[in-house]
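**Q** As given, the protein sequences belong to chains A and E, one line each in that order. Position one of the first sequence corresponds to residue -7 (this note's numbering), numbered consecutively onward. Position one of the second sequence corresponds to residue -7 (this note's numbering), numbered consecutively onward. Note that the Cβ used here is the ideal one computed from N, Cα and C, for glycine as well. This one's a predicted model, so the numbers in the text were calculated from it and none came from an experiment.
Protein chains: 2
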Amino acid sequence: MTKVPSAETLAAFAAIVGDKGVLTKDADKTPYLEEWRGLWHGKTPMVLRPSSTKQVSEILKIANAANCAIIPQSGNTGLVGGQTPNGDGSEVALSLNRMTRIIEVDAANDSTTVEAGATLKSVQDAAFNAGRMFPLSLASEGSCRIGGIVSTNAGGLNVLAYGNARELCLGLEVVLADGRILNGIKKLRKDNTGYDLRNIFIGAEGTLGIITAATLKLFPQIKRYDTAFVAVNSPNAALELVSKVKQQAGNRLIAFELMADLCINFAVRNMKQKRPLQSPWHVLMELADATEGQLEAMLESAMEHGLATDAVIAQNDQQRQDFWSLRESISESQKPEGGSIKHDVSVPVSKVPQFIAEATSAVSKFLPGCRFATFGHMGDGNLHFNVSQPVGMDKQAYLSKWHAMNEIVHDIAVKLGGSFSAEHGIGTLKREDMQRYKSPIELDVMRGLKALFDPNGILCPGRVLLER
Amino acid sequence: MTKVPSAETLAAFAAIVGDKGVLTKDADKTPYLEEWRGLWHGKTPMVLRPSSTKQVSEILKIANAANCAIIPQSGNTGLVGGQTPNGDGSEVALSLNRMTRIIEVDAANDSTTVEAGATLKSVQDAAFNAGRMFPLSLASEGSCRIGGIVSTNAGGLNVLAYGNARELCLGLEVVLADGRILNGIKKLRKDNTGYDLRNIFIGAEGTLGIITAATLKLFPQIKRYDTAFVAVNSPNAALELVSKVKQQAGNRLIAFELMADLCINFAVRNMKQKRPLQSPWHVLMELADATEGQLEAMLESAMEHGLATDAVIAQNDQQRQDFWSLRESISESQKPEGGSIKHDVSVPVSKVPQFIAEATSAVSKFLPGCRFATFGHMGDGNLHFNVSQPVGMDKQAYLSKWHAMNEIVHDIAVKLGGSFSAEHGIGTLKREDMQRYKSPIELDVMRGLKALFDPNGILCPGRVLLER
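(1) Could you name the residues of the segment 42 to 57 of chain A whose beta carbon sits closer than 8 Å to any beta carbon of chain E, in the order they occur along the chain?
(2) To the nearest angstrom, how far is the alpha carbon of A/P447 from that of A/R460?
(3) Name the chain E residues that come within less than 7 Å of A/Q75, Cβ to Cβ?
(4) Can you name the residues of chain A whose CB is closer than 7 Å to the CB of E/E133?
(5) How far does the alpha helix (DSSP H) with A/S317 in it extend, from its first residue to its last?
(6) Rounded to whole angstroms, what is the Cα-Cα separation between E/V39 and E/W32?
(7) How about the segment 185 to 202 of chain E and the segment 450 to 457 of chain E: do they share at least three Cβ pairs that are nearer than 8 Å?
(8) Determine the burial state of E/W28: buried for a count of at least 16 other Cβ atoms within 10 Å of its Cβ, exposed for fewer.
(9) To the nearest angstrom, how far is the alpha carbon of A/K53 from that of A/A169?
(10) Find out if the Cβ-Cβ distance for the pair E/I305, E/L318 is shorter than 9 Å.
(11) Thinking just about the alpha-carbon of each residue, which of A/P(-3), A/K387, A/S129 is nearest to the one in A/E83?
(12) Let me make sure I understand the geometry here. Which of E/C60, E/V48, E/P77 has the alpha-carbon closest to that of E/L25?
(13) Using a Cβ cut-off of 7 Å, which residues of the segment 310 to 328 of chain E contact any Cβ in chain A, in chain order?
(14) Can you find a CB in chain E that lies within less than 9 Å of the CB of A/N448?
(15) Comparing C-alpha positions only, which one of E/F445, E/V456, E/M438, E/L457 sits nearest to A/L189?
(16) I'd like the ranges of any alpha helix (DSSP H) spanning at least 4 consecutive residues and lying wholly in the segment 245 to 331 of chain A.
(17) With a threshold of 8 Å on Cβ separation, who are the neighbours of E/L435 within its own chain once the five nearest residues in sequence on each side are excluded?
(18) Do the CB positions of A/L180 and A/A157 come within less than 9 Å of each other?
(19) State buried or exposed for A/Q270, treating a residue as buried only when at least 16 other CB atoms are found within 10 Å of its CB.
(20) Quickly, what does DSSP pair A/Q65 with across the bridge? List them, please.
(21) Run through DSSP, which three-state label would A/Y390 get?
(22) First and last residue of the alpha helix (DSSP H) that includes A/F193?
(23) Going by other Cβ atoms of all chains shown within 10 Å of its Cβ, with 16 needed for buried, is A/F120 buried or exposed?
(24) What's the call for A/D183, buried or exposed, on a 16-neighbour Cβ count within 10 Å?
(25) Comparing the C-beta of E/I418 with each C-beta of chain A, is any distance below 9 Å?
(26) Name, please, each residue of chain E whose Cβ falls closer than 7 Å to the Cβ of A/S413.
(27) Could I get the ranges of all uninterrupted alpha helix (DSSP H) runs contained in the segment 5 to 77 of chain A, with 4 residues as the minimum, in chain order?
(28) Just curious, the beta strand (DSSP E) that A/F412 is in, first and last residue?
(29) Please name the residue in E/I333, E/H402, E/I203, E/I173 whose C-alpha comes closest to that of E/T92.
(30) If you draw a straight line from the C-alpha of E/F211 to the C-alpha of E/D102, how long is it?
(31) Less than 9 Å between the C-beta atoms of A/I372 and A/A405, yes or no?
(32) Just verifying my parser: in three-state terms, what is the DSSP assignment at A/P382?
(33) What does DSSP give as the partner residues of A/R482 in its beta bridges?
(34) If we ignore side chains and look at the alpha-carbon of each, how far apart do A/F221 and A/L276 end up?
(35) What residues from chain A crowd round E/H174, counting only those whose CB sits closer than 9 Å?
(36) Within the 9 Å Cβ cut-off, does A/S226 reach chain E?
Written out as structure tokens, the structure reads:
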């Protein structure tokens, strides 16, 4: 069990990072304590902003000896509350946002090594400037940072072709709970020398160690994008379409995003987006380095076979940007519609239509009038099954149904062989789901790992796994 | 510490698997105890061949209670001795070769679930018959089995485009040392729910649990291959070439194999292979689903820029097969040349020429007259730096230099940021290298994992990590 840090412990932390590295005034601390949607509000005696791995190491040595809880944070864009200290003011926030160096870009090796505080955008830019591409892309890329990206095994828009953060990470530097530095910075595609320590920390959300640097894979730049907005009648048609275009385009298919029409309505109404097509369901699909006319031929064939009813191909980069802007504005567009209860689920791709049908029906029964802003990365089987409140209902009354609705939806996802958190992780939001859906053996092994890597339980206590 | 199993323990094992599942006669046991190159010879009281995960579980429950060492084996094609019981007859061999089911092919989800004893070839075939492709490919694919493939994180020929076994594995079923079954069979591309247990077992070579089934990613079939044998003057030219063709072909480049001319000589002389070109170094490169004329244009440009001196493009499938047959015969072709000391190293791709130059020079100083059959997956930075004995030297006298030469070569690889075992793993062969090259912190964490997952040390004792 962790304790409220003593004045001596706090002074020791402050001495490590120096004046520039510690925030104690409320106004300074607030940006680190508020979640952007307003769902979590934390308290902390101080925000530590170390400037080096060595400082992180020294902080953890002291914290571990003093049983002081540490909550690492990088971009503060997480969606499950994992980055926010709890409300009792006993947990010390540790931000990586001063460790922003792009340490190296090795173009000939198609890799880059960066500090945990580098923003995703800065990594994308560094790769681009070296004639390469870092393919991970998501809506918050301007503000989210690599430490959080890797710690949460972020996914995003191009997982279909390039994988999650896990697949993009070649090496990690991690500070262990006791302050020891595990130097696993490697630039290798192949290295079978003992147990894979990297993947223990990827997706562990800072509960097993603090990631301070990472080596990431780079790729050739894409020279040509072909992007289309496609009208489909149903998720079933979308499933047939994704299966067909994967076969036709192979690894040139880099995105296949499904959107219910309500998502388009919200984006047009609330975010001034342009509507490309009229249809009950929409697909945004994109090919990389396809041949001239390939996408057009694929879409014509899809329409002949009744898989699509209409399609618009982006005629220039602006139009492509418009399509993507529409897609990326969907999350934000739900805000003005009142309360939105989110589900970030995945199922086998083959089960997406069944999931949508069953979950929509079950939630409608649970609370008539709910509006379904269903969208997601259909190519990966990952849906953001977001449910906006019935028109006119009280927002807080609606949001109080969060856990009950989650349970209905997650039960269906898990029954279909799916996951109750596809890409957003567990944090504090889904800890109870872990107890509900994971087997006792899985939980036991995870608790064993937590005890091995953080015997005093100082790293993000109670996140991911409930404290016992 | 494990003990010699008692007659009661052996009888209990035999009762679990029944008559069909146990081998005790020397002639029956021998195929499981001999490594194919004759480098390891094991002894065992019995070979257990369970037919189900439940039987594996029951065996481990008894073994764990009795402190009996268990050595899992699937295809017996490993190259580091990990699959062979030691010589004192105290270790019980457990073969997965009766658990060969293809449990499911889900074409719409691009996945297949198979038992650990399924051969790689059978998985490739099942995928093909469902209109899909399982891309992992290596020389022993007819006999190696999925349990070994996943346990050793096998790589092979197409890692450049599709990744190692780790990247191809979506889910695992594992029997833990105490017999509990960890059911992680999942067909999901995205699942961020707690710690990643899958990757703990992938590459752990059976020392942390026994993999009994796996769910694997499938891909669209490749409709068109363009394959060329290319003459290059040096590893430096090959580095410039791989960098250029990656930029030009993006993810259509699926193989880029470098071979010293001596490899071609051995293959022609000893394996009746056809020589495509005269050159000090050769590259076998392959594009998937490229456009008509794309490879030819790339090679013309490479020759104009002095990166290649000559090239032959396969004109038909037979010629493509001949190129690959030549490449795959290289390992075998070294046998008639006497002793061969093997190194399976990786370095950052950008360091491959420097590694070859330094290692060749250092080994030549160590033992003049050595012949360098250097080849490997240059696109991944993975080289099989195999050194054939000087002509006329006594084979055993040469092989006695194995560890001393390894140390010279591995020191250079590690100095360049590389690995002393890129794809073959550690087994018994490279346990001392682990002590030499891994940091005390890495070793400590690995020992902690071993103690957590196998507290009695019954699974492959002393493999990967030396016993203390």
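**A** In short:
(1) none
(2) 13 Å
(3) Within 7 Å Cβ-Cβ: nothing; A/Q75 doesn't reach chain E, min ~15 Å.
(4) What E/E133 touches in chain A: nothing, since even the nearest Cβ is about 18 Å away.
(5) 309 to 320
(6) 17 Å
(7) yes
(8) exposed
(9) 7 Å
(10) no
(11) A/P(-3)
(12) E/P77
(13) none
(14) no
(15) E/M438
(16) 253 to 263, 286 to 296, 309 to 320, 322 to 325
(17) M426, Q427, L457
(18) no
(19) exposed
(20) A/S87
(21) helix
(22) 190 to 193
(23) exposed
(24) buried
(25) yes
(26) N184, T185
(27) 18 to 25, 45 to 58
(28) Segment: none, A/F412 is in no beta strand (DSSP E) and carries neither H nor E.
(29) E/I203
(30) 6 Å
(31) Correcting the residue identity first, residue 372 of chain A is Asp in this sequence and not Ile. Not a contact, by the Cβ cut-off of 9 Å.
(32) coil
(33) Chain A is shown from -7 up to 460; residue 482 of chain A falls before or after that span and cannot be answered.
(34) 5 Å
(35) One detail in the question is off: residue 174 of chain E reads as Leu in this sequence, not His. Residues of chain A passing the Cβ test: S431, I433, E434, V437.
(36) no
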